[in-house]
Amino acid sequence: MIRIGSLVVAILVGMFVGNLVAGLAMTVIAAVAPPNAALRVPVLLVGSALGGLIGFLKWRASAAGVVSDAHGSARYSRADEVKRTLGGSEGLIVGRALKGGALLRYAGPAHLLTIAPTRSGKGVGAIIPNLLTADRSVLCIDPKGENARITARARSRLGPVYVLDPFEVSGQPSAAFNPLSALDPDSLDLAEDAALIAEALVYDPPHQVGEAHWNEEAKALIAGLILHVVTTGAPHLRSLATVRDLLTGSPEAFRKMLEAMQASGLVARAANRHLSKSDREATSVLSAAQRHTHFLDSPRMALVLERSDFSFADLKAGVVSVFLVLPPERLGTHARWLRLLVVQAIGALARAPQGTAANAKPVLLMLDEFAALGHLEPVERAFGLMAGYGVQLWAILQDLHQLKSAYGEHAGTFLANAGVIQVFNVADIDTATWVSRSMGTTTEAYYTSGQTTSQTPGKFFATHGSSTNLNLARRDLATPDEVMRMDGDNLILLRPGANPTVARKVRYYVDAEFEGLYVN
Numbered sequence: 003m004i005r006i007g008s009l010v011v012a013i014l015v016g017m018f019v020g021n022l023v024a025g026l027a028m029t030v031i032a033a034v035a036p037p038n039a040a041l042r043v044p045v046l047l048v049g050s051a052l053g054g055l056i057g058f059l060k061w062r063a064s065a066a067g068v069v070s071d072a073h074g075s076a077r078y079s080r081a082d083e084v085k086r087t088l089g090g091s092e093g094l095i096v097g098r099a100l101k102g103g104a105l106l107r108y109a110g111p112a113h114l115l116t117i118a119p120t121r122s123g124k125g126v127g128a129i130i131p132n133l134l135t136a137d138r139s140v141l142c143i144d145p146k147g148e149n150a151r152i153t154a155r156a157r158s159r160l161g162p163v164y165v166l167d168p169f170e171v172s173g174q175p176s177a178a179f180n181p182l183s184a185l186d187p188d189s190l191d192l193a194e195d196a197a198l199i200a201e202a203l204v205y206d207p208p209h210q211v212g213e214a215h216w217n218e219e220a221k222a223l224i225a226g227l228i229l230h231v232v233t234t235g236a237p238h239l240r241s242l243a244t245v246r247d248l249l250t251g252s253p254e255a256f257r258k259m260l261e262a263m264q265a266s267g268l269v270a271r272a273a274n275r276h277l278s279k280s281d282r283e284a285t286s287v288l289s290a291a292q293r294h295t296h297f298l299d300s301p302r303m304a305l306v307l308e309r310s311d312f313s314f315a316d317l318k319a320g321v322v323s324v325f326l327v328l329p330p331e332r333l334g335t336h337a338r339w340l341r342l343l344v345v346q347a348i349g350a351l352a353r354a355p356q357g358t359a360a361n362a363k364p365v366l367l368m369l370d371e372f373a374a375l376g377h378l379e380p381v382e383r384a385f386g387l388m389a390g391y392g393v394q395l396w397a398i399l400q401d402l403h404q405l406k407s408a409y410g411e412h413a414g415t416f417l418a419n420a421g422v423i424q425v426f427n428v429a430d431i432d433t434a435t436w437v438s439r440s441m442g443t444t445t446e447a448y449y450t451s452g453q454t455t456s457q458t459p460g461k462f463f464a465t466h467g468s469s470t471n472l473n474l475a476r477r478d479l480a481t482p483d484e485v486m487r488m489d490g491d492n493l494i495l496l497r498p499g500a501n502p503t504v505a506r507k508v509r510y511y512v513d514a515e516f517e518g519l520y521v522n
């Protein structure tokens, strides 16, 4: 649209200048010879036509790149570039082409990031279309249970489907997963595995820096109790519910347990660490550990954590779908459950061998409500490394502030390592400014014209002159306000080494490609 506007302006300016020059020429001629009125209109028309032609030629030279791009060379992807890079039949659906309407797919191994506010179409345009069509294993955080309800039938045609739904909002029977069942008492990695579980359980928002010491000590205590339960408890007692029981027992029973732990090698270190503290510090550490495991008192959580119906390693052995369902109103109190299972999945998938050639596509971790997970070091590391481990993450955020709030200065890790950043319906200026800067700047050409008149002493006529100048200016390819005012049906795709792409949103419930695949 901008190019068409600049073409029209160039031609009109050229016609104006040509008409002006022709008029001046007629005036000069009239001063020295009788005017011929019949010639005036043809001369003016010829002048306008020549001026318009010159304006067009200058515009074409500018459009062809003759004009310097010293102020920036950013531009949008052309239709042929979009078709070549995103027009394949394999990969994850990221939009629909503006020209022709074909689905656009990202087939690369890198991770993906979606930034869009609530109720703007992330589910209908990004999550559900891929759940309906991706012939690969998937782990999906599903806050409302809608993804499982709509896509479970389609996913079941590809392989087993497990819906972990402690609050029964999806309408699907709930499966269960016990994080401790995956721990091997004889493994050399047992201490690290227990520490990862404790890391996921102990979490406070970044601004609560005053809790850092107590949190670190609480992690050590919880990890020690996990080791104790796994190495000494009966198989049916190896669960986080047992760990919670130990943390909330009487003071006398708790101390006796720690003293018993002192006789057991690896476990003894955690017991000694706690017993060596002053009564006041030990009480504060125990209180912190109890606070971070409080959600385990929920009978619903106890049921979904009591056994394992599957292993996360299964997701690499075949096509398996796992939905983690937690209603939005429970995220504040039970987000640790999501953190725990995401960390367990990443750890298990990193160690598991890749499946057969037929199942060699990366496991997709669709992390809706990503900010609710808080800061997770395994996820941060995974965004930089896991593409090589047969795992592909797709983090979904409402705005850039959420990412910075959880990961601070490390938020750039996610932005730098994403193969595709999908953005639409931006509603805040910070995100819009970042998108605008990421799209780059371009060099915009515009024309200015002027006229001069001079009277030479002793002469009977004046000398007239005109000039047209081509000017270059820097301009954002899309300013922040233009990003925020973008058509609600469109989205922006940012990719490393590629020009920004404007595409159409996908809507599974009206698009023919998904007809018959979903459940209403």
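Using the numbering used here, the letters of the sequence shown map in sequence onto residues 3 to 522.
Every residue, glycine too, gets a C-beta built ideally from N, C-alpha and C.
> Within 10 angstroms of its Cβ, does Tyr108 collect 16 or more other Cβ (buried), or is it exposed?
Replying inline: The residue in question, Tyr108, is buried, as its Cβ has 16 or more Cβ neighbours within 10 Å.
> Could you give the C-beta distance for Leu367 and Leu141, rounded to a whole number, given that I count them as a contact under 8 Å?
Replying inline: 5 Å between Cβ atoms; contact.
> What is the residue span of the alpha helix (DSSP H) that Val344 lies within?
Replying inline: Residues 333 to 353.
> For the candidate residues Arg353, Ala500, Leu277, Asp206, whose alpha-carbon lies nearest to that of Gly376?
Replying inline: Of the listed residues, the one whose Cα sits closest to Gly376 is Asp206.
> On the three-state DSSP scale, how would you describe Arg509?
Replying inline: If DSSP states are grouped into helix, strand and coil, Arg509 belongs with coil.
>> Just to check my reading of the structure: Thr415 and Gly392 have Cβ atoms closer than 8 Å, yes? What is that Cβ distance to the nearest angstrom?
In response: So it is not a contact: roughly 20 Å between Cβ atoms.
> Using the beta-carbon count (16 or more within 10 Å), is Glu201 buried or exposed?
Replying inline: Per the 10 Å Cβ criterion, buried.
> What residue from Thr335, Ser278, Val165 has the CA that sits closest to Ser300's CA?
Replying inline: Of the candidates Thr335, Ser278, Val165, Thr335 places its Cα closest to the Cα of Ser300.
> With a Cβ-Cβ cutoff of 8 Å, do Leu305 and Pro119 count as a contact?
Replying inline: No.
>> Taking only three categories from DSSP, how would you classify Val10?
In response: In the three-state scheme derived from DSSP, where H, G and I count as helix and E and B as strand, Val10 is classed as helix.
> First and last residue of the beta strand (DSSP E) that includes Asn132?
Replying inline: If you look at Asn132, you'll find it isn't in any beta strand (DSSP E); it sits in the alpha helix (DSSP H) that goes 130 to 135.
>> Assuming contact is defined by CB atoms lying nearer than 8 Å, are Leu240 and Ser183 in contact in what I supplied?
In response: The sequence given here places Arg at residue 240; Leu does not occur at that position. A distance below 8 Å separates the beta carbons of Arg240 and Ser183.
>> For Ile224, count the other beta carbons within 10 Å of its own beta carbon; 16 or more makes it buried, fewer makes it exposed. Which is it?
In response: It counts as buried.
>> For Glu446, which residues in the same chain have their Cβ closer than 6 Å to its Cβ, ignoring the five residues on either side in sequence?
In response: Excluding sequence positions up to five before and after Glu446, its CB lies within less than 6 Å of the CB of Ala475, Arg477, all in the same chain and listed in chain order.
> Distance, Cα to Cα, Ala362 vs Ala222?
Replying inline: Taking the straight line from one Cα to the other gives about 38 Å.
> What residues in its chain sit with their C-beta under 7 Å from that of Ala136, if we drop five residues either side in the sequence?
Replying inline: Excluding sequence neighbours, Ala136 sits near Leu94, Leu366.
> Which whole-angstrom value describes the C-beta separation of Leu229 and Leu192, a residue pair presumed to lie in contact below a C-beta threshold of 8 Å?
Replying inline: Yes, they are in contact, since the Cβ atoms of Leu229 and Leu192 sit about 7 Å apart, within 8 Å.
>> I want to know whether the stretch 416 to 428 touches the stretch 484 to 500 - three or more CB-CB distances under 8 Å.
In response: They touch, by the three-pair rule.
> Where does the unbroken alpha helix (DSSP H) through Asp483 begin, and where does it stop?
Replying inline: Boundaries of the alpha helix (DSSP H) around Asp483: 482 to 486.
>> Considering just the uninterrupted stretch of the beta strand (DSSP E) at Gly526, what are its terminal residues?
In response: Any answer about residue 526 is impossible in this case: the structure gives the chain only from 3 up to 522.
> How big is the Cα-Cα spacing for Ala156 and Gly251?
Replying inline: Their backbone Cα atoms lie some 46 Å apart in a straight line.
> So, using beta-carbon positions, are Val525 and Ser122 closer together than 8 Å?
Replying inline: In this structure the chain extends from 3 to 522, so residue 525 is not present and cannot be described.
> Should His215 go down as buried or exposed, given a rule of 16 or more other Cβ atoms within 10 Å for buried?
Replying inline: Within a 10 Å sphere around the beta-carbon of His215 sit fewer than 16 other beta-carbons, which makes this residue exposed.
>> Using only CA atoms, which one of Ala347, Ile348, Pro145 lies nearest to Glu331?
In response: The alpha carbon of Glu331 has as its nearest neighbour, out of Ala347, Ile348, Pro145, the alpha carbon of Pro145.
> Ala373 and Leu399: beta carbons closer than 8 Å?
Replying inline: A contact, by the Cβ cut-off of 8 Å.
> According to the neighbour-count rule (16 or more other Cβ atoms, all chains shown, within 10 Å of its Cβ), is Lys258 buried or exposed?
Replying inline: Exposed is the label assigned to Lys258, since fewer than 16 other Cβ atoms lie within 10 Å of its Cβ.
>> Would Gly320 and Ala112 be called neighbours here (beta carbons separated by less than 8 Å)?
In response: No, the Cβ-Cβ distance between Gly320 and Ala112 is not below 8 Å.
> Can you give the Cα-Cα distance for Gly349 and Pro380, rounded to whole angstroms?
Replying inline: For Gly349 and Pro380, the distance between alpha carbons rounds to 8 Å.
>> For Asn149, count the other beta carbons within 10 Å of its own beta carbon; 16 or more makes it buried, fewer makes it exposed. Which is it?
In response: The C-beta of Asn149 has 16 or more other C-beta atoms within 10 Å across all chains shown, which makes the residue buried.
>> Taking the straight line between their C-alpha atoms, what separation do you get for Ala178 and Leu493?
In response: Cα to Cα, Ala178 sits roughly 37 Å from Leu493.
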